[in-house]
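Undergrad: When we follow my numbering, the leftmost residue of the sequence shown carries the number 3, and every step to the right adds one.
Built from N, CA and C at the ideal position, the CB exists for glycine as well.
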Amino acid sequence: MWKTTATTMASPALLLCLLLLLSSQTMAAPERHHHRPGFLYTRSRGRCTPQFWSGRREAWPRMVPETSTVSNVFGSRVYERYRSDLTLLEATARNDEEENAFGGLVKEGSAALLNSYAREGFPYKPWQVKTLIIQALVSEASAASQAKQFSLANQACT
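(1) Grouping DSSP H, G and I as helix and E and B as strand, with all else coil, what is T89?
(2) For T71, which three-state DSSP category applies?
(3) Which of helix, strand or coil does DSSP assign to S118?
(4) In angstroms with no decimal places, state the Cα-to-Cα distance between L91 and M65.
(5) Can you give the beta carbon distance from E142 to A103, rounded, assuming they're within the 8 Å contact cut?
(6) Using the Cα positions of T160 and P52, report the straight-line distance between them to the nearest angstrom.
(7) Just to confirm my understanding: we take V80, look at its own chain, exclude 5 residues before and 5 after, and list those with CB closer than 6 Å. What are they?
(8) Keeping to the same chain, check which residues put their C-beta closer than 8 Å to that of N156; ignore five residues upstream and five downstream.
(9) To the nearest angstrom, report how far apart Q130 and E60 are at their CA atoms.
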């Protein structure tokens, strides 16, 4: 009978010790993983991307304030593809470039224009960006191709 009582007394004590040990390990676990970011996707990838410019982390060039409209900056030929009141800030924040070649063109082209004013050594001059956008408005294929070229230049910029 003694043996049974000792065994039943040892079981709760052992169980309590085991629970304390496990709870101390789970309490310390979140601290080990504290350095991980909470997001898998971040909006800004570089200092020259449309995402960077739409995030307003840096002052825009005085030549093209964020309230400038696309039609004022790129000319009247853009009226057939874009709203007349579409601002450069709205253009850089667009997210329809996958299904809309002209959306990608205005998004990447607006960022390229901002980079041409703000980043020394950017491969395009402002007049080149404006000219290339107007030329690319003739078809979806040329708009997609030019948007890709602007995107590559924007991503390579530092």
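TA: Reading it off the structure:
(1) Numbered from 1 along the sequence shown, position 87 holds the residue referred to as residue 89. Of the three classes helix, strand and coil, the one that applies to T89 here is strand, per DSSP.
(2) Residue numbering aside, residue 71 sits at position 69 when the sequence shown is read from its first letter. Note: T71 maps to strand in three-state DSSP.
(3) One-based indexing of the sequence shown puts residue 118 at position 116. Three-state result, S118: helix.
(4) In the sequence shown, residue 91 corresponds to position 89, counting from 1. In the sequence shown, residue 65 corresponds to position 63, counting from 1. Each residue's Cα considered, the two are about 14 Å apart.
(5) Looking up residue 142 in the sequence shown gives position 140. Looking up residue 103 in the sequence shown gives position 101. Their Cβ separation, rounded to whole angstroms, is 4 Å, which keeps E142 and A103 in contact under 8 Å.
(6) By one-based count along the sequence shown, residue 160 stands at place 158. By one-based count along the sequence shown, residue 52 stands at place 50. Distance between the alpha carbons of T160 and P52: 13 Å.
(7) Here residue 80 corresponds to residue number 78 of the sequence shown, with the count starting at 1. Cβ within range, chain order: V72 and S73.
(8) As a working mapping, residue 156 is identified with position 154 in the sequence shown. Closer than 8 Å at Cβ, skipping near neighbours: G48, C50, T51, P52, E110, A113, A114 and N117.
(9) To locate residue 130, count along the sequence shown from 1; it is residue 128. To locate residue 60, count along the sequence shown from 1; it is residue 58. C-alpha separation (whole angstroms): 23 Å.
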